[in-house]
Amino acid sequence: MWITLAILLLILLAVLLLPLGMEVASAAGVRRWYLILAGLHIPVPKPIIERARRRMRQKYEKQEVSKRKSIWQDLAGKLRGLRSKQRSQDEGFRLNDLRTTLDTVIRILHILRIRVHRLHIVIASPDPAWTGVAYGMACAAIGALPPEWPVSVEADWSGNVPQFTYRVEVSVVPVRALAVLTGFLWRRAFA
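And the structure:
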């Protein structure tokens, strides 16, 4: 009984204290996705990725159809928005809510961890002049990146197609995210 409870507690602590996120790796035109769960990198099966792409494509197509609606409906909505804006100004706008929300977004961005394990760019185009300009701009941009990021650029003067090889990880520790969100809710409730 106690051993089972201890094991469950250790699993819960591992999930809360170890990173959670996604990793994308691409080499030779093959892209691989990994789910980071409790520090483990678990490959995402291809059918799940294809299903997600299909859903995103369908959602995009629905958005395109909705964008093509009449401009008069948009205009009517804007007029209604102006009327409701006047009412909301009468009720009063709390600037403190905006500050709290922006502070929380900044805190979440601080706990979000982005690691570039590898980024190699081969710049190529049919026009060697354009290749030289793009190569110069890429070298200047790399100079502005943190020195610990392993980013390299190469110019292929005889090639026509640029190539990318990368491995990027985005993760967050769930306990830190819960602390930031709890603080946000606390400040919002008692501000």
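Using our numbering, read the sequence shown as starting at 1282 and increasing by one per residue. Built from N, CA and C at the ideal position, the CB exists for glycine as well. Computed from a predicted model, the values in this text were never measured in an experiment.
query, result
"Helix, strand or coil for residue 1430, going by three-state DSSP, please let me know.", "coil"
"Assuming the contact rule is C-beta atoms closer than 8 Å, residue 1434 and residue 1419 should be a hit. Round their C-beta distance to whole Å, please.", "5 Å"
"Which residue's Cα is closest to the Cα of residue 1436: 1301, 1340 and 1405?", "1405"
"Tell me which residues share the same chain as residue 1469 and place their Cβ nearer than 6 Å to its Cβ, disregarding the 5 neighbours each side in the sequence.", "1381"
"Between which two residues does the alpha helix (DSSP H) harbouring residue 1409 extend?", "1409–1424"
"For residue 1388 and residue 1466, what's the separation of their Cα atoms in angstroms?", "13 Å"
"Looking at C-alpha atoms only, which residue of 1285, 1290 and 1297 is the closest neighbour of residue 1457?", "1297"
"Tell me, please, which residues DSSP counts as bridged to residue 1302.", "1317 and 1452"
"If you measure between the beta carbons of residue 1337 and residue 1451, is that distance less than 8 Å?", "no"
"How long is the line joining the alpha carbons of residue 1284 and residue 1301, rounded to whole angstroms?", "26 Å"
"Taking its Cβ as the centre, do 16 or more other Cβ atoms sit within 10 Å of residue 1341, making it buried, or is it exposed?", "exposed"
"When you compare each of 1390, 1426, 1391 and 1299 to residue 1318 by their alpha carbons, which one comes out closest?", "1299"
"Under 6 Å Cβ to Cβ from residue 1307, same chain only, skipping five residues before and after it: list those, please.", "1447"
"Using DSSP with H/G/I as helix, E/B as strand and the rest coil, what is residue 1369?", "In this predicted model, residue 1369 has a pLDDT of only 49, less than 50, meaning its place in the structure is not dependable; the value taken from the coordinates is given anyway. The answer is helix: DSSP assigns residue 1369 an H, G or I state."
"Looking only at its own chain, which residues have a Cβ that is under 6 Å from the Cβ of residue 1398, when we skip the five neighbours before and after it?", "1448"
"Taking the alpha carbon of residue 1441 as the point to measure from, which residue in 1431, 1408 and 1454 has its own alpha carbon closest?", "1408"
"Can you name, in chain order, every residue of its own chain whose Cβ lies under 7 Å from the Cβ of residue 1295, other than the five neighbours on each side?", "1319"
"Between the Cα of residue 1412 and those of 1445, 1464 and 1438, spot the shortest distance and give me the residue it belongs to.", "1438"
"Exposed or buried, what is residue 1414 when buried is set at 16 or more other beta-carbons lying within 10 Å of its beta-carbon?", "exposed"
"List the endpoints of the continuous beta strand (DSSP E) containing residue 1400.", "1394–1404"
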